[in-house]
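2 protein chains.
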Amino acid sequence: MVNVLEKQVSVGLFGLGNVGTGIVKALDGHHDLIRKRSGFNVRLKTICVKNLKKAREVNTAKYRVTANSGHILDDPEISVVIEAMGGIEPARAFIMEALEKGKHVVTANKALISKHGQELFELAARNGVNLAFEASVCGSIPIIKSIRESFVANSISSIYGIVNGTTNFILTRMVNDGKSYESALEEAQQRGFAEADPSFDVGGKDAAQKIAILSMLAFNTPVDPDTVYTEGIQDLVSEDIKFAQAWGYVIKLIALARKADGEGIDVRVHPMLVPKAHPLANINGELNSVYLIGDLVDGQMFSGKGAGPLPTASAMISDVIDVMKSAALIRNFNSLPLVDINNLEFSYYVRFPVIDQPGVLCRIAKVLATDGVSIAELVQPTGNETVPIIIRTHKAKERAMRHAFDEINRLPIVKKGAVMIRIQE
Amino acid sequence: MVNVLEKQVSVGLFGLGNVGTGIVKALDGHHDLIRKRSGFNVRLKTICVKNLKKAREVNTAKYRVTANSGHILDDPEISVVIEAMGGIEPARAFIMEALEKGKHVVTANKALISKHGQELFELAARNGVNLAFEASVCGSIPIIKSIRESFVANSISSIYGIVNGTTNFILTRMVNDGKSYESALEEAQQRGFAEADPSFDVGGKDAAQKIAILSMLAFNTPVDPDTVYTEGIQDLVSEDIKFAQAWGYVIKLIALARKADGEGIDVRVHPMLVPKAHPLANINGELNSVYLIGDLVDGQMFSGKGAGPLPTASAMISDVIDVMKSAALIRNFNSLPLVDINNLEFSYYVRFPVIDQPGVLCRIAKVLATDGVSIAELVQPTGNETVPIIIRTHKAKERAMRHAFDEINRLPIVKKGAVMIRIQE
């Protein structure tokens, strides 16, 4: 047996933004630690950037810095390519060329893996190399490795959690500090937890890409993130937080994938009222958490930092070691259908801003009754001209509830800004 | 590249108790799932048991069942040996022989790994095979793989948590249902969470073995579990639970390992008052949870079932696939010293059962003051002849607090059954 201490790995890095910089820092600062703990001498050789003139946060004098992708892709000494550029192109083209040239690839690119994963995994398999992507979902939380390796003997029935730090930070500030959505978003932006244009995060698209990747692994089925039912948190107001709390819940943006009754899988992203005693209710700030149920292991929960340069770098360096150690291919895809959310049943929290006049409540209750939605609890605070009516329903079909919700919104006494939030059992 | 779908693994199993039975069930029921998800065709071939006559819960007709260890150890077709017997001997002898004969070994034997790990890892390395032991700590929670692989690029500063399900079940019943220690223990025994002789669990020895293994991995230092400072939960009474709650804490049995100031490591097991908002405070029942801090990933938490035949089998089957995929050796041990708990500082919860007479409080306070321990909070309920005095202290050196505690216990006004519990920051 060879002395694995002698194994040298030469790495090429695409991209020197936040994540790329984290990788340079971690590989530089922890070279000996990684060598000692893994038995691999991981050496960053070449960094490919778009703009050679841009000032960088890290000293790159030790590396070959280039704008020519061929300096990585055509270098036979480089056996692992780290893609830290983000976006679909040219990341996809570089990754495909690297795989075709027999190089392992490590990426954090959730957009690419969720949308083009199957094609890339098949290309990797044909070329006998690995494509690793632990950092694409929940940063440093080892959820992908755990599904693929630790729970390999389990039939997984569901996986769900808080997979977007931006929205969790905003919701936490709204819950714990009574902030408005706008002011919590502003704080998130100031602290670097939200982008200047936050729509990708707050609209649930980021979470949809992540749950698509987790579904692919848990159920062996590629899921196009654009087909995942997705709602964001933009319409939530402080009142929703307050009434949810009074009823024993906190509001979280939940990404969920589960085996549905019958053949399909149920994959969606939307806010939910989570009971305060539920483990996810205590995952606060920018933290992420994933809860998984396997038939042998039962419930398993993971939590930690879901983003950030160093947590992401930690996951990507772990992947570098992993791709060198073993060819762990992803194949044998199924193609389970997605179930239609309209056929599912939930109980709901709904809030309607209404004109404060007699008879309003009666008209709303009538619509709900017509659609077969029954009321479990109702609050109607007094107020000025516009007051909210807040209702918790018993279980109802999504199709019926939506129909009622739309009908009620069409009533002239109901103003804009109504919300409908599903409740976690 | 070979088609890994064709890879066949023949397994020999030592032991057909709870864990062994779980492995047979899981391998039998999930053979195709494991094959599809891992690419390995894992076939259980031979089971070695002590007593061939004993009735078994699973049908073993498909396997060669034998009392002769040579039928596994001398079979060249068997490449992986699963040891599910427990105890030091003959498990140790069988494992050593298997490693010497070039077979990979998977074990859940925490007593063996914590006490003789270094010797066994060195033997495995010399023979170019793997010794895997994920199931030895916290059952199905993938903490060992995560430390070794996912967090390979991190310098780990501390790892702590709830690693014993028996004691957590008992404490949860005492907290949530107001049960006495004795009645909670009885329920744990009835439900199979505690042994007839519970001393190994309730005395903290089980947790000490587990934290010794985690220390070995996190700090690359073998730690003899017999040298770990260990206290159990036997002396806790309902009053302790009640007063801790009133002050905003729950009591948990915490196993902890951390880099101490200077060169040493601080490894210990004892009950602690944990703030209710701490993530570990919500880990209830027989669940386990481990919290780890790495310099790149920051805080990471894992929770799930820490024991049971199927969760344990899940971890061991994952290990079977892992040992086949890669030779991931454990070596390069350091030998960091253990720090003496007497030199550490804590704040404390202490309870003294005293004779209800004037001047008692004054005498206790005087001893504390003499040893430099200052009182943060004090409760003295009225009662019958014997009443408790409950004190929360400010931070003090363990040596000083112990000295005071011993002195106070020697006062004739103090009865038996005093407790001293450290408080988690």
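So the sequences go chain by chain: A and B. The first sequence begins at 3 in the numbering used here and counts up by one. The second sequence begins at 3 in the numbering used here and counts up by one. By construction, the Cβ of each residue, glycine as well, lies at the ideal position given by its N, Cα and C atoms. In this text, all values refer to a predicted model and were calculated from it rather than measured experimentally.
Straight-line gap, residue i to residue j (C-alpha atoms, nearest Å)
{"i": "valine 325 (chain A)", "j": "asparagine 132 (chain A)", "result": "6 Å"}
{"i": "proline 273 (chain A)", "j": "isoleucine 172 (chain B)", "result": "36 Å"}
{"i": "glutamate 387 (chain A)", "j": "asparagine 411 (chain A)", "result": "17 Å"}
{"i": "alanine 110 (chain B)", "j": "alanine 371 (chain B)", "result": "48 Å"}
{"i": "alanine 210 (chain A)", "j": "valine 225 (chain A)", "result": "10 Å"}
{"i": "alanine 214 (chain A)", "j": "valine 269 (chain A)", "result": "8 Å"}
{"i": "glycine 130 (chain A)", "j": "glutamate 121 (chain A)", "result": "14 Å"}
{"i": "proline 144 (chain A)", "j": "glutamate 91 (chain B)", "result": "35 Å"}
{"i": "alanine 69 (chain B)", "j": "valine 82 (chain B)", "result": "18 Å"}
{"i": "methionine 3 (chain A)", "j": "serine 316 (chain B)", "result": "Below a pLDDT of 50, predicted positions are generally treated as unreliable, and methionine 3 (chain A), at 34, falls in that range; the measurement from the model is reported next regardless. Spanning the two alpha carbons is a distance of roughly 29 Å."}
{"i": "lysine 212 (chain A)", "j": "arginine 150 (chain A)", "result": "15 Å"}
{"i": "isoleucine 393 (chain B)", "j": "valine 375 (chain B)", "result": "11 Å"}
{"i": "aspartate 321 (chain B)", "j": "glutamate 400 (chain A)", "result": "43 Å"}
{"i": "glycine 234 (chain B)", "j": "aspartate 208 (chain B)", "result": "10 Å"}
Residue of the options minimising C-alpha distance to residue i
{"i": "isoleucine 343 (chain B)", "options": "B:Ile319, B:Leu258 and B:Asp373", "result": "B:Leu258"}
{"i": "methionine 403 (chain B)", "options": "B:Gly361, B:Phe348 and B:Ser138", "result": "B:Phe348"}
{"i": "phenylalanine 153 (chain B)", "options": "A:Met318, A:Glu379, A:Asp34 and A:Ile149", "result": "A:Met318"}
{"i": "glutamine 359 (chain A)", "options": "A:Leu338, A:Ala186, A:Ile158 and A:Lys417", "result": "A:Lys417"}
{"i": "tyrosine 350 (chain B)", "options": "B:Thr384, B:Ile377, B:Lys368 and B:Thr372", "result": "B:Ile377"}
{"i": "valine 381 (chain B)", "options": "B:Asn111, B:Ser328 and B:Lys244", "result": "B:Lys244"}
{"i": "threonine 314 (chain B)", "options": "B:Glu136, B:Ile366, B:Phe221 and B:Val341", "result": "B:Glu136"}
{"i": "valine 60 (chain B)", "options": "B:Ser81, B:Lys147, B:His106 and B:Gly31", "result": "B:Gly31"}
{"i": "valine 21 (chain B)", "options": "B:Thr48, B:Ile84, B:Val11 and B:Phe42", "result": "B:Ile84"}
{"i": "glutamate 379 (chain B)", "options": "B:Ile415, B:Cys364 and B:His396", "result": "B:His396"}
{"i": "alanine 63 (chain B)", "options": "B:Lys52, B:Thr48 and B:His73", "result": "B:Thr48"}
{"i": "serine 71 (chain A)", "options": "A:Leu125, A:Met98 and A:Asn166", "result": "A:Met98"}
{"i": "histidine 106 (chain B)", "options": "B:Leu125, B:Gly89, B:Ser116 and B:Lys117", "result": "B:Leu125"}
{"i": "isoleucine 366 (chain A)", "options": "A:Leu413, A:Ile161 and A:His118", "result": "A:Leu413"}
{"i": "threonine 174 (chain B)", "options": "B:Ser157, B:Ser40 and B:Gln247", "result": "B:Gln247"}
{"i": "isoleucine 323 (chain B)", "options": "B:Gly41, B:Glu188 and B:Lys27", "result": "B:Gly41"}
Simplified DSSP state of residue i, which is helix, strand or coil
{"i": "glutamate 85 (chain B)", "result": "strand"}
{"i": "alanine 257 (chain A)", "result": "strand"}
{"i": "histidine 118 (chain B)", "result": "helix"}
{"i": "valine 60 (chain A)", "result": "coil"}
{"i": "phenylalanine 348 (chain B)", "result": "strand"}
{"i": "serine 148 (chain A)", "result": "helix"}
{"i": "leucine 101 (chain B)", "result": "helix"}
{"i": "glycine 1 (chain A)", "result": "Lying before the first or after the last residue shown, residue 1 (chain A) is absent from chain A, which here runs from 3 to 427."}
{"i": "leucine 7 (chain B)", "result": "With a pLDDT of 47 at leucine 7 (chain B), under the threshold of 50, the modelled position of that residue is not reliable, and the figure given next carries that caveat. Three-state DSSP puts leucine 7 (chain B) in a helix."}
{"i": "arginine 193 (chain B)", "result": "coil"}
{"i": "valine 421 (chain A)", "result": "strand"}
{"i": "aspartate 199 (chain B)", "result": "coil"}
{"i": "aspartate 300 (chain A)", "result": "strand"}
{"i": "isoleucine 343 (chain A)", "result": "helix"}
{"i": "phenylalanine 16 (chain A)", "result": "strand"}
{"i": "valine 26 (chain B)", "result": "helix"}
{"i": "lysine 52 (chain A)", "result": "coil"}
{"i": "isoleucine 36 (chain B)", "result": "helix"}
{"i": "valine 292 (chain B)", "result": "strand"}
{"i": "valine 131 (chain B)", "result": "coil"}
8 Å contact criterion, which residue i and residue j should meet: CB distance rounded
{"i": "isoleucine 164 (chain B)", "j": "isoleucine 256 (chain B)", "result": "7 Å"}
{"i": "threonine 223 (chain B)", "j": "alanine 190 (chain B)", "result": "At roughly 33 Å, the Cβ-Cβ gap does not stay under 8 Å, so threonine 223 (chain B) and alanine 190 (chain B) are not in contact."}
{"i": "isoleucine 25 (chain B)", "j": "leucine 35 (chain B)", "result": "With 8 Å as the limit, isoleucine 25 (chain B) and leucine 35 (chain B) do not qualify as a contact, their Cβ atoms being about 15 Å apart."}
{"i": "aspartate 408 (chain B)", "j": "lysine 307 (chain A)", "result": "Contact flag wrong, Cβ pair sits at about 44 Å."}
{"i": "proline 277 (chain A)", "j": "asparagine 284 (chain B)", "result": "Their Cβ separation, rounded to whole angstroms, is 12 Å, which puts proline 277 (chain A) and asparagine 284 (chain B) out of contact at 8 Å."}
{"i": "leucine 29 (chain B)", "j": "leucine 18 (chain B)", "result": "Not really, about 13 Å apart at Cβ, beyond 8 Å."}
{"i": "isoleucine 357 (chain B)", "j": "isoleucine 415 (chain B)", "result": "5 Å"}
{"i": "serine 142 (chain A)", "j": "glutamine 302 (chain B)", "result": "7 Å"}
{"i": "serine 185 (chain B)", "j": "glutamate 79 (chain B)", "result": "No, serine 185 (chain B) and glutamate 79 (chain B) are not in contact; Cβ-Cβ is about 52 Å, not under 8 Å."}
{"i": "alanine 420 (chain B)", "j": "phenylalanine 354 (chain B)", "result": "5 Å"}
{"i": "arginine 260 (chain B)", "j": "serine 160 (chain B)", "result": "3 Å"}
Distance cut-off 6 Å: residue i Cβ against heavy atoms of the ligand SAM
{"i": "aspartate 179 (chain B)", "result": "Annotation note on the ligand SAM: not contained in the displayed structure, which lists no ligands."}
Chain-ordered chain D contacts of residue i [CB-CB under 7 Å]
{"i": "glycine 301 (chain B)", "result": "The chain inventory of the structure shown lacks chain D, comprising the protein chains A and B."}
Checklist entry - Quick one: complete beta strand (DSSP E) runs, 3+ long, within the region 353 to 410 of chain B? => result The region 353 to 410 of chain B contains these whole beta strand (DSSP E) runs: 377 to 381 and 388 to 395.
Checklist entry - For the region 211 to 286 of chain B, which segments carrying the beta strand (DSSP E) assignment without a break, of at least 3 residues, lie completely within its bounds, in sequence order? => result As far as the region 211 to 286 of chain B is concerned, its whole beta strand (DSSP E) runs of at least 3 residues are 251 to 261 and 267 to 277.
Item to check | Length-filtered (4 minimum) alpha helix (DSSP H) runs lying within the region 302 to 332 of chain B | outcome: The qualifying runs are 311 to 327.
Next on the checklist: Suppose only complete runs of 3+ residues qualify. What are the beta strand (DSSP E) ranges in the region 151 to 191 of chain A, listed by chain order?
Outcome noted: The region 151 to 191 of chain A contains these whole beta strand (DSSP E) runs: 158 to 164.
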